[in-house]
Every structure is written in C-alpha cells, then in structure tokens.
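No gaps in the numbering here: position 154 of the sequence shown is 154 in our numbering, and each next residue is one more. Even for Gly, the Cβ is constructed at its ideal location relative to N, Cα and C. Taking it in order: structure first as structure tokens, then the write-up.
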Amino acid sequence: MDVLNNLLGVPLGAVMRFCYGLIANYGLAIILFTFITKIILFPLTIMVQKNSIKMIKLQPELNMISAQYADNPDKVSEEQLKLYKRENYKPLAGLIPMLIQIPLVLGVMQVIYNPLSHLLRLPETAIQALTMHTMEILGLSEAGSSIQVSAISLIQNPLYTESFSNLQVSGVDMPAVLQTIRNFDMNFCGINLSALPSLSNWDTLLLVPLIAGASSALLCVCQNRVNVLQREQSFWGKWGMTIFLVLFSLYFGFIVPAGVGIYWAASNLFAIAAMYAVNWMYKPKDYIDYDALEKSKIALAESREMAKKLKLTKEEKLQAKRDYKEFCRNEEKEVIFYAEKSGFYKYFKNIIEYILEHSDIVIHYVTSDPHDAIFKKNHPQIRPYFIDDNRLIPLFMKVDSEIMAMTTPDLNTFHLKRSYVKKDVEYIYIFHGLLSTNMVVNKGAYDHFDTIFCVGPHQMKEIRETEKMYQLPEKKLIECGYGLFDDMLADYQADEQSEHKKKEILIAPSWQEDNILESCLDEMIAQLSQTDYQIIIRPHPEFIKRFAGKMNQIQKEYGTGKYPNVVLQTDFSSNSTVFDADLLITDWSGIAYEFSYVTKKPSLFINTKMKVLNEEYIKYENQPLDITLRDQIGISLNKDELGSLNIAVRRLLEEEKDAYVSNIDRLVESYVFNIGHSGEIGGQYIIDRIMEKRQEKHF
C-alpha cells in the first residue's frame, strides 16, 4: 500500500492539492482535478482517435480477408498481421485510456483516503500520532485504508476534542494541526465525500452511485452515436457494453468513497466532450470509405452464412468420431494420403491406382470432406476416414505410417505438424499445379517435407535453389510429372474434336483478390458482346461459394440473356467446357496452363493484382513461370489496355493461332516430366520405399 501511495498518491495528491488551493472546495477540486487530467491526456485521446479511424479504414480489407479465408483461421490471422504491419496499426492502442484510467482511479482513492497526507500536507509524525490515537479510540488493531478519514471524523466530533487536544508531538504545533483539520470540509452539496454509500442508509450518499451510473449510460449512448469504433459494433455489442458499464458503475459507486464516485462521473462527462472534440478535429468520414465498408460487411455476412451451411451435421460428427477411432485402432499403417476436399483425389488418382494394381499395400485415405467421393470407392485396399478439423491436429501428431503423402503445403508451419510419435515418417508432397514453387505459396511451404514429386525441371531447380539460399537439408526430388495433366490430355485426345461454327471464348478467372469478376468483367463484356464469338463466363467454384452477393449481381447481369452471345456457367461436373473453348481468358489462374498445354490453344491473360504469398521470390535466379510463361502461351493485357481486348482476341483466334501450337508443344516438353506416366513413377517410388521398409523390419 505504501508503494501504491508513493507511486500514485503523491503525484496525484500534488495535483489535487493545487486544485484545492485554487477553489477551497473539496468536491469542485475533484472535478477540476479530473478536468486537468483529461487535458493532460488529450494527446492520447487524439492518438486513439487516429488509430480507431485507421482500424475502420482497414475494416473492409479485414472483412474481405475473413470472408475469403473463412475456412482457414491461421491464414486469416497471418493476413491480418500483414495488413496491420503495412498500415502501422496498433490493435492494443485502444486499451490505453482504460489502462491509464485504472491507476488514476487508484491514485484518486489514495488521495481521498489520505487527505491528511496529500491535501493538508501535515507532518508525518503528527499524522502517525493522530491515526494511532484514532485506532485506540475505535479499538482497532490494524489501521486499514480509511484510517485518516476516520481520524478527521473523530477530530471534527466535539465529543473527542479534549482527547485529541492532549496529544503532544515533538517539533509539531499540534493545536494548529487540529484546527486545520477541524476547518477541512469534505462535504460537497451536502454529501460527505469520504463516506461509502450504502443501501442500508437511505441518504444523499445514494445519489453518487446513481450519478456515476447515469454518466456511464450517457457516455455509452454518445459513444454508440459518435465513436468511430463503437458505431460499427453490432446491436448487442453496443448495448451489451452499455448495460455492463452502467451496472459496473453502480456497483463501483457503492464500494469506493463518494469522492471517487464524483471523479468517475466527472471523468465520463469530460470524456464525452473530448470525444466530440476529436471527432470534430478528425472526422471519420474524411478518411473512411463507408461504401466499401458496407460491401465488405455483406461479403462477410454471406461467408458466415455459407459457413453455417457447411457446418457438420450430427451424423457427420458421429462419422468423424468413428473414423478417428478406427484410424487410431489400425496400428499397421504403411501409406497415408491426406486430402483437404473431395476434388483433391484427382491429384492422387494415377499414383493410387498404380499402387493398388501393382502391390498389396493398403491405402489409408484421410479426408476433411465428409462427402468425399473416396467413400464411394469400394476397394479392399482403400480405407477412407473422414476426420473433422477438431481431430485433424491430433491425428497428424499420431501418424505412425511409413509414408504420408499430401497436396497441402506448410507442413509443420501452422496447425498440421509432423508426427510426434514416429520421427522417421517420410512426408511426400504432391503438386497440384504446373508452375513455380516460390511465389504463390508461403515462404518455407515445402521445407518440412522429405520427398517432393516434381512436375518439371523448373520445380527441381527452384527447390534446390531454396535449399542453398536458406541452408536447408536436401530433399529427395522425384522426376514425377503431373497426373491430372496426364488424365486431361488422354481424355482430350480420346474425344473427337470438331470445329465450332461460332468460336467459343471461356472466361475462367481465379477467386483471389481483384480477380476479373471483381475488377473488370463489365468492361470486358462490353467489348466481347459486340463480337460474333460465343462468350462463356465460368466463375471459380470458391468464388461462388464464398461471395454469394457478388455472384447474384453477376447472375442478374449476365445470366438472364441480356447479351445474346454471353452465357454464365456454374456447372463444374465436367471439364468439357474448358477444353471445348477456342480461347481461354483468365487472370492468374493455373487453369490457363492446363488448357493450353492440353489443347495447344493460346490463352489470354488479364494482369489483375498478382497473387504473391512469398515476397522473397525476387531473390531467385529466374522469375517464376507464373510470370514468364504468360506471353509465351498467349498474350497478357494490363487492365488499362482492355480497350484493345478485341484486337488481342482476334490475333489469338485467327491471325496467330497456328504459331502458338509448336511453341506450346515445346513448353510442355520442357516443363513437364514423364507425360502419360507420372502415376507409374510416383506409384512405383512409394511401392519401392514400402518394400525397403518391410525388408528392414524382416531383418
């Protein structure tokens, strides 16, 4: 208590003494003291206002991040931190007023409980003598926090005048000290500010908690109307906080001296004035795009509504529980494949089918999708498990197989860790794209894998360069190829190709930020609708799933026959539309390379905002293929060059079409391993590794 008194009571007591000296009224001195502290702290109020404006200014981006990565909390946190760093936003700055208010209240309590020390500045020896005598009169063994207030009360009581007059302290004029105390008035408007309000005594003291509660209610109402942050809270966020603060203020008013309650009420009222002042100085509407904010709220609400629809049913939860138990029960596991969604089987298909056909190895197939098509495959060597998010983390920790293969990067970086129970599990990464390894994934995305099935030589070169750059141990890099490409190519070559009477252009963008659908679709259709070509708009499935509001607008504009040659397609059951097209237009989607590599037809790229997850891609010797191949398999246009879109389309469809065939053939031969045989390469590698492990156990 002495430490608290010295740290807070002494300096604040000096300010209070100054106020009391000016006014000579205890209650008004507390109010003046509160005003002075608000003036001193006003620069902090300005700082908080600026930080709050910055927060709401960022809110549209934050909402879009939450909507875009609704199923990936780690990614949401990562992107939010990047945004905060970019804008120099400090999330904890809003707590500063509250953190300062706490010591101020404690300091005021020290001043009110110890007026002899802080306001009257009496000699310490005299104070000690007076408090000791008070304890004797009251029969107390311990002084307690309010002993000085009790001493004042007794000294001002005529019954104890003689008792205190007999006190003698060396070097102190005690009669003068006692007279000073008798002249000290702690009342304000008929209220003893040193007393504690109590429901057992119905007197004017009860007004103090009521005033404190009313001032808090008024502050909250004003905050809900004016405060830049509070205005954006939900109904229950606003009024829930109001109810809490009012009830807290009422309670607080009953457990502290009335003087602290007066301070609390005055502080709330001055806070209202300060809030209106900073809102006048820094008007939120001058800095915040409220239209963008409302649109982002709609997108976030749609995302959350979608998340509700994707919530597991009771049956699915039971399935996850059963499958997890079954997975843990099966101890002799040799190979595990993990898929995030049902559609990911296509990346494993050729490898798994080769293993099933050429070995007795049992495939333990773990999926995060309760509706994964793997459950429809009735094969004695495939054991599927649906594992929900809650059980996925412990499952990864308990992996005890010889091999675990997946297309999920960032192993051991976020929530999915390498096995804790078996340290020599061989983790194999299987790519689900044809391009580079160092730009559109996080830094270190592949660092914790042991083996990587590479699509082409560019990936091997980039991974080896990464290992040297960051002094990482070398991984096993297998010249595998790309199974999905093999299947697409085989299906395309098996189909009978026919020339369209009307050339077809497929617009198939990504779903990342600033994609074609969000940034320039209207401008593109305005031109393409004037041509004789058939235009098919094929949104990314994730865009449809996550941004229902935006999709509704696109549906209204382009899905109702407004443009005779424009069709909106949302059926993804087949790739026929992709490969039937004569030209594909995209932004940064990898579908262009699958389309052009398979059909030998060119693609047209719109240079929207580039997706970059690893800023250090610029350190590598060569630019990523994501950038360099765009103008080799087609033409790329900046958004400000869309005025020449029809010219570029005509070049690719008519004037220069044949020139791209040989060029694309050369690129495929250069950048894809083992065309038509990737499943055999990957499958045989896994079989060989399991045979080696079996032999090691046997001997």
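Residue interval of the alpha helix (DSSP H) (run including residue i)
| i | result |
| --- | --- |
| Ile46 | 42-68 |
| Tyr597 | 591-599 |
| Phe449 | First-last for Phe449: undefined, no H or E at that position. |
| Thr204 | Unbroken run through Thr204: none, as it is neither H nor E. |
| Ile585 | From DSSP, Ile585 is part of no alpha helix (DSSP H) but of the beta strand (DSSP E) over 583-586. |
| Lys476 | First-last for Lys476: 476-479, but that is the beta strand (DSSP E), not the alpha helix (DSSP H). |
| Val177 | 174-183 |
| Lys349 | 345-358 |
| Met746 | Past the edges of the chain, shown from 1 to 699, lies residue 746, and the structure says nothing about it. |
| Pro123 | Segment: none, Pro123 is in no alpha helix (DSSP H) and carries neither H nor E. |
| Glu79 | 73-87 |
| Gln471 | Run containing Gln471: none; DSSP gives neither H nor E here. |
| Glu162 | 161-165 |
| Met109 | 96-113 |
| Lys238 | 235-255 |
| Ala151 | 147-155 |
| Cys189 | From DSSP, Cys189 is part of no alpha helix (DSSP H); its letter is neither H nor E. |
| Ala21 | For the record, residue 21 in the displayed sequence is Gly; it is not Ala. Looking at the DSSP string, the run of the alpha helix (DSSP H) that includes Gly21 is 10-23. |
Range of the contiguous beta strand (DSSP E) that encloses residue i
| i | result |
| --- | --- |
| His364 | 363-367 |
| Ala339 | 335-339 |
| Ser303 | Unbroken run through Ser303 is the alpha helix (DSSP H), 290-309; no beta strand (DSSP E). |
| Phe605 | 603-607 |
Sequence-distant residues of its chain with Cβ nearer than 7 Å to residue i (five each side left out)
| i | result |
| --- | --- |
| Ala29 | Met16, Cys19, Tyr20, Ile23 |
| Glu542 | Trp511 |
| Thr131 | Ala143, Ile147, Gln148, Ala151 |
| Ala292 | Pro60 |
| Val76 | Ile65, Ser66, Tyr69 |
| Gly559 | Leu568 |
Integer Cβ distance of residue i from residue j, believed to fall under 8 Å
| i | j | result |
| --- | --- | --- |
| Ser267 | Leu245 | Incorrect: roughly 12 Å between the Cβ atoms, too far for contact. |
| Phe485 | Ala405 | So it is not a contact: roughly 18 Å between Cβ atoms. |
| Gln381 | Val399 | That pair is no contact at about 19 Å. |
| Thr451 | Ile478 | 6 Å |
| Leu667 | Gln632 | 6 Å |
| Glu402 | Ile690 | 6 Å |
| Gly483 | Tyr347 | 6 Å |
| Ile137 | Ser165 | 14 Å between Cβ atoms; not a contact. |
Whether residue i touches residue j by CB criterion (8 Å)
| i | j | result |
| --- | --- | --- |
| Gly213 | Gly240 | no |
| Thr367 | Pro384 | yes |
| Gln68 | Arg546 | yes |
| Ile535 | Ile507 | yes |
| Pro209 | Gly261 | yes |
| Tyr676 | Cys480 | Sequence check: residue 676 is Gly here, not Tyr. Cβ atoms of Gly676 and Cys480: not closer than 8 Å. |
| Lys349 | Asp487 | yes |
| Pro97 | Leu12 | no |
| Tyr282 | Lys50 | yes |
| Asn607 | Lys639 | yes |
| Leu613 | Val455 | no |
| Asp323 | Phe396 | no |
| Glu462 | Tyr593 | no |
| Ile393 | His415 | yes |
| Ile516 | Tyr563 | no |
| Gln80 | Ile102 | no |
| Asp586 | Ser603 | Contrary to the premise, residue 586 reads as Thr rather than Asp in this sequence. Taking 8 Å as the Cβ cut-off, Thr586 and Ser603 qualify as a contacting pair. |
| Ser419 | Asp372 | no |
| Asn187 | Leu193 | yes |
| Ala93 | Met47 | yes |
| Glu474 | Glu467 | yes |
| Ile100 | Leu41 | yes |
| Pro115 | Ala195 | no |
| Glu504 | Asp580 | yes |
| Tyr597 | Leu434 | yes |
| Leu58 | Glu78 | no |
Cβ shell of residue i (< 6 Å), same chain only, five flanking positions each side left out
| i | result |
| --- | --- |
| Met1 | Bear in mind that a pLDDT of 47 at Met1, under 50, signals an unreliable position, so the model cannot answer this. |
| Ala445 | Pro409, Asp410 |
| Arg182 | Gln156 |
Residues of its chain near residue i, where Cβ-Cβ distance is below 8 Å and the 5 sequence neighbours each way are ignored
| i | result |
| --- | --- |
| Phe270 | Thr34, Phe35, Lys38 |
| Lys729 | What the structure shows of the chain is the stretch from 1 to 699, and residue 729 is not part of that stretch, so it cannot be assessed. |
For a minimum of 4 consecutive residues, which ranges assigned as the alpha helix (DSSP H) are wholly contained in the stretch 621-693? 625-628, 645-650, 657-671
Contiguous alpha helix (DSSP H) assignments of at least 4 residues, all confined to the stretch 372-439: Complete alpha helix (DSSP H) runs here, min 4: 389-397.
Runs of beta strand (DSSP E) lying entirely within the stretch 489-574, each at least 3 residues, in chain order: You should have 504-507, 534-537, 566-568.
Can you check the stretch 309-334 for any alpha helix (DSSP H) of at least 4 residues that lies completely inside it and give the ranges in chain order? Runs of the alpha helix (DSSP H) lying entirely within the stretch 309-334, each at least 4 residues long, are 314-329 in chain order.
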